[in-house]
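Shown next, in structure tokens, is the structure this report addresses.
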Amino acid sequence: MDANFYEQVYEVVRLIPKGRVTSYGAIAKALGAAKSSRMVGHAMVYAGSATPKIPAHRVVNSSGLLTGRFHFSPPTLMQEFLEEEGITVVNDKIKNFKQLFWDPLQEL
DNA sequence: ACGTTGACGGTTG
DNA sequence: CCAACCGCCAACG
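Just so we're aligned: 90 in this note's numbering is position 90 of the first sequence, and the numbers increase by one with no gaps anywhere.
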């Protein structure tokens, strides 16, 4: 597989530390495609089929909202994983998102 | 080949 | 704070 945009997305997502989260836009921007944040989301769809497994539950939108929870089985699994890592989720939204936010641009 | 959809983000009202 | 709109571009039917 070529060094595709998706591969880079997966690479960054795997680098997300446990108990931390990031946003699609941040990843897109880190890959130099800030305007193609949607592509990051599409890459996450592939994440379910990709190997090794991608911790997609650590990726949320810019508001810290679990917009893609319905892609999990069951849809509540995403929140379950986050809370299991010590992240508090209220109303499908990450609490203290600003503090838990992991910026790939700052780390890479 | 074409139109629609969408795990987004930012701006405007 | 909430709703509507736009841009951006790959994937799907």
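All C-beta atoms in this analysis are idealised placements derived from N, C-alpha and C, irrespective of residue type, glycine included.
*Cβ atoms of residue 10 and residue 54: under 8 angstroms apart, would you say?*
yes
_Please state the DSSP three-state secondary structure of residue 15._
helix
*Helix, strand or coil at residue 105 according to DSSP, with G and I counted as helix*: helix
*Are the Cβ atoms of residue 94 and residue 59 separated by less than 8 angstroms?*
no
*Return the chain-ordered list of same chain residues with a C-beta closer than 6 angstroms to the C-beta of residue 41, the five sequence neighbours on each side being excluded.*
24
*With DSSP collapsed to three states, give me the class of residue 82.*
helix
*By a C-beta neighbour count over all protein chains shown, 10 Å radius and 16 as the cutoff for buried, is residue 34 buried or exposed?*
Label assigned to residue 34: exposed.
*asked:* What residue range does the alpha helix (DSSP H) around residue 98 cover?
replied: 97-100
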